[in-house]
Amino acid sequence: MSRNNGAHAGSGATENTAAAAESAATSAKTANTATAATTDASLASRAKQPKKNGPKWWLISLIAVIVAVAVVVGITFAYAKDDKSDSQTTASASKTADTVTIGLKLTPTNLDIRNTAGSALDQVLIGNVYEGLVARDEKNQVVPAIASSWDESKDGLTYTFHLNKNMTFSNGDTLDAEDVAWSINELIAKQYHDADALAAVSKVEAKDADTVVITLKTPNSNLLWILTGRAGLVFDKDATYDLKTQAIGSGPYTVAKFVENSSITLKANGKYWGDHKAKTPTVVVKYLADDNAAVNALKSGDVQVLAPITETLAGPFVSDTDNYTVKAGNGTDKFVLAFNNAAGSKLADKRVRQAIRYAINHEEIIASRGGADKALGGPIPSLDPGYEDLTGLYPYDQDKAKSLMAEAGYSADKPLALTLTYANIYGTELGDQLRSQLKPIGIDLKVNVVEFSTWLQDVYTNHDFDISLVDHNESHDFASWADPTYYFGYDNKDVQKLYAEGVAATSDQERDAKFAEAAKLVSEDAPADWLFNYRITTVTAKGVEGFPFDLNQTVLPLYNVTYTK
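Numbering (numbering that gives the first Met the number 0), first residue to last: 0 to 564.
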């Protein structure tokens, strides 16, 4: 495995070498012009001398020499002045800013990444402030981080990690295998966030300062990916600080200031040990929950990056290519229209669930949102292991939908009353569209838009719903379809068996095949409809480079970001 110091193997970011090439060409041209001027002056000073035929020939010759020297000096000075003026103008016109301000949407309530749920913390802290034993790149693949390489035993039970040398935390403390082992053992012992993902771990040991060994009770093909998240973060075992408002990590940035529900200011870590040193001294993350306020902040220059921007509001920036770059990036967000599969529910009848899937016009929904999202026919998105294009299982077919509803005893004249419950953070448009699309097949859909806290209580906790809508943005989260206690109550023993076999696989190929087979069974059963794979649309102002577009709602490496004014 190749060595790659730092938290990310790549940025998936914008690249712009044209400006650099143009600058180089301009410099070369300026240098050649100055040289030509000096050469011409030298030739002038060597002009043909007057004949020595008068008593004052020496005086005339001396005057000529003085004039020539004056010409040389004057011209050289003039060109030097011009060169200096040009370089000053170029420098002032393309000055790299000391600060980049980024507008994000989901705000963390505190910085305690060990105890506080929510992807907002992962987004800003992992890879920037805290680093893990391993990391993930913009393609969602596992790459080296604190560990430069690792070995896996043939039985899949032992992972040996070889650490980088000369690592330190931002407070100057040495980072070694003891910190790694302590961090993971502490997470398991105190059941910090994501500890359940390490249920298969038997022990974590520091064999020496540069080697960590993780031993499993049973194989877990997801272990490496799990360690790219919170479960694999490495903390300073000797440091004391308030995790809710402060952070001591080993990444390229430190937290200089945290204002709850408002902003986080990141400063370059002067003690950073890796290759990914911060290119911009200060990065300010502003949290802008209101879409219109976020757009205005970008227009006014208060922020140089907006991630995400609502696709329907991106039009003015798309057309203004001189000042902005707009791009949709791949991600693992899945907008899931989940059905209550519990026995006795209105959707226990598979024919009704299938009819709903046939009745939904996914292309129409995606187009209404701006067209950036991708159709998704099953529970695994394209960046996760086991992905297979399943969009052909339930193509848009209203006649088929009506036929299935008729078999179940429903029609437009005798509709089935259902309620769609979802949080108000997703707006009302999706509910309106679904109600319109399902009405012709004999479903009277009531749309109930509630506060997110209400959704958590009624739907997620109490399982009191008919249909729900939520953005499941987690990667590698197929386990929820193998868990009958999860809020949509899907219970399929074949799926559970295949998922368990995939987790226990000792090769990626076997794992992916098992997951793909399980995902197809899930989609065929229609316990939900996957409306679309949400793709994040990001806008960057002219002069911003190095900002990642793919996966930037969960993995947001900022070390490479620069802004040239």
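Just so you know, even glycine gets a beta-carbon here, dropped at the ideal spot from N, CA and C.
In this text, all values refer to a predicted model and were calculated from it rather than measured experimentally.
Assuming ASP443 and ALA416 form a contact by the criterion Cβ under 8 Å, report the distance between their Cβ atoms to the nearest whole angstrom.
-> Confirmed, about 5 Å.
Taking only the alpha-carbon atoms, compute the straight-line gap between ALA199 and VAL502 and give it to the nearest angstrom.
-> Between ALA199 and VAL502, the C-alpha separation is close to 11 Å.
LYS276 versus TYR252, LYS513, LEU105, residue with shortest Cα-Cα distance = Of TYR252, LYS513, LEU105, the residue nearest in Cα terms is TYR252.
Can you give me the Cβ contacts of ALA341 inside the same chain, cut-off strictly under 8 Å, excluding the 5 residues immediately before and after it?
-> The residues ALA347, HIS462, GLY488, in chain order, have a CB closer than 8 Å to that of ALA341 in the same chain once the five nearest residues on each side in sequence are set aside.
State the beta-bridge partners of ARG135 as determined by DSSP.
-> Beta bridge pairing from DSSP links ARG135 with VAL141.
Distance, PRO384 Cα to THR311 Cα = Straight through space, the alpha carbons of PRO384 and THR311 are spaced by roughly 31 Å.
Buried or exposed: which applies to GLN122, given that a residue is buried once 16 or more other Cβ atoms fall within 10 Å of its Cβ?
-> Its Cβ being crowded by 16 or more others within 10 Å, GLN122 is buried.
Name the two residues that bound the continuous beta strand (DSSP E) containing GLY314.
-> GLY314 -> not in any beta strand (DSSP E); alpha helix (DSSP H) instead, spanning 314 to 318.
Report buried or exposed for SER261, applying the criterion of at least 16 other Cβ atoms within 10 angstroms of its Cβ.
-> Exposed, by the Cβ-count rule.
Beta-carbon spacing of THR281, THR98 below 7 Å | Cβ distance < 7 Å, so THR281 and THR98 count as in contact.
When the Cα atoms are used, what is the spatial distance from PHE531 to TYR357?
-> Spanning the two alpha carbons is a distance of roughly 14 Å.
Give the single residue among LYS138, ARG113, ASN339 whose Cα lies nearest to the Cα of HIS192.
-> The shortest C-alpha separation from HIS192 is found at ARG113.
How about the stretch 354 to 374 and the stretch 493 to 502: do they share at least three Cβ pairs that are nearer than 8 Å?
-> The stretch 493 to 502 and the stretch 354 to 374 do not touch, with fewer than three beta-carbon pairs separated by less than 8 Å.
LEU305 beta carbon less than 7 Å from that of ASN468 = Looking at the sequence shown, residue 468 is not Asn but Leu. Result no, Cβ atoms of LEU468 and LEU305 do not sit closer than 7 Å.
Could you tell me whether the stretch 161 to 171 touches the stretch 224 to 231, using the rule of 3 or more Cβ pairs below 8 Å?
-> With a cut-off of 8 Å, the stretch 224 to 231 and the stretch 161 to 171 do not count as touching, because too few Cβ pairs lie within range.
Complete alpha helix (DSSP H) runs within the stretch 147 to 196 (minimum length 4 residues, chain order) | Entirely contained in the stretch 147 to 196, the alpha helix (DSSP H) runs reaching 4 residues are, in chain order, 176 to 188.
Contact under 7 Å by Cβ, ALA411 with GLY441 = Cβ atoms of ALA411 and GLY441: closer than 7 Å.
For ASN139 and ASN329, the rounded distance between their alpha carbons | Rounded to whole angstroms, ASN329 to ASN139 spans 10 Å at the Cα level.
Rounded to a whole number of angstroms, what is the C-alpha to C-alpha distance between GLU523 and SER220?
-> SER220 has its alpha-carbon roughly 25 Å from the corresponding atom of GLU523.
Pairwise C-alpha distance: ILE213 and ASN165 | Roughly 22 Å separates the two Cα atoms.
Can you name the residues that DSSP bridges to THR539?
-> In DSSP, THR539 forms a bridge with VAL304, THR324.
N-terminal and C-terminal residue of the beta strand (DSSP E) that VAL494 is part of = It is not in any beta strand (DSSP E) - VAL494 instead sits in the alpha helix (DSSP H) that spans 492 to 502.
Given a threshold of 16 other Cβ atoms within 10 Å of its Cβ, counted over all protein chains shown, does LYS302 qualify as buried or as exposed?
-> One detail in the question is off: residue 302 reads as Val in this sequence, not Lys. Result: buried.
By the 10 Å Cβ neighbour count, where 16 or more other Cβ atoms means buried, how is LYS401 classified, buried or exposed?
-> By the neighbour-count criterion, in which a residue is buried when 16 or more other Cβ atoms sit within 10 angstroms of its Cβ, LYS401 is buried.
Beta-carbon gap between PHE160 and ALA180 smaller than 7 Å = No.
For ARG368, which of helix, strand or coil comes out of DSSP?
-> Coil.
Mind checking who VAL258 pairs with in its DSSP beta bridge?
-> Assignment of beta-bridge partners to VAL258 by DSSP yields SER262.
Given a threshold of 16 other Cβ atoms within 10 Å of its Cβ, counted over all protein chains shown, does THR420 qualify as buried or as exposed?
-> Under this definition THR420 is a buried residue.
Taking all protein chains shown into account, do 16 or more other C-beta atoms lie within 10 angstroms of the C-beta of ASN268, making it buried, or fewer, making it exposed?
-> Taking all protein chains in view, the Cβ of ASN268 is crowded by 16 or more other Cβ atoms within 10 Å, so the residue is classified as buried.
So which of PHE514, ASP398, ASN184, VAL317 has the shortest CA-CA distance to ILE379?
-> Taking only the C-alpha atoms, the option nearest ILE379 is PHE514.
Determine which residues share a DSSP beta bridge with SER467 and list them.
-> Beta-bridge pairing links SER467 to ALA337, THR420.
Beta-carbon gap between LYS256 and ASP111 smaller than 7 Å | Not closer than 7 Å, so no.
Alpha carbon to alpha carbon, how far is ALA371 from ARG534?
-> A straight line joining the alpha-carbon of ALA371 with that of ARG534 spans about 6 Å.
Is it right to say ASP528 is buried, meaning 16 or more other beta carbons lie within 10 angstroms of its own, or is it exposed?
-> Within 10 angstroms of the beta-carbon of ASP528 lie 16 or more other beta-carbons, which makes it buried.
How close, in whole Å, do the beta carbons of VAL233 and GLY131 come, if the pair is a contact with beta carbons under 8 Å?
-> Between GLY131 and VAL233 the Cβ distance is about 7 Å, and since that is below 8 Å, they are a contact.
If we count the other Cβ atoms within 10 Å of its Cβ and call it buried at 16 or more, is GLY102 buried or exposed?
-> Its Cβ being crowded by 16 or more others within 10 Å, GLY102 is buried.
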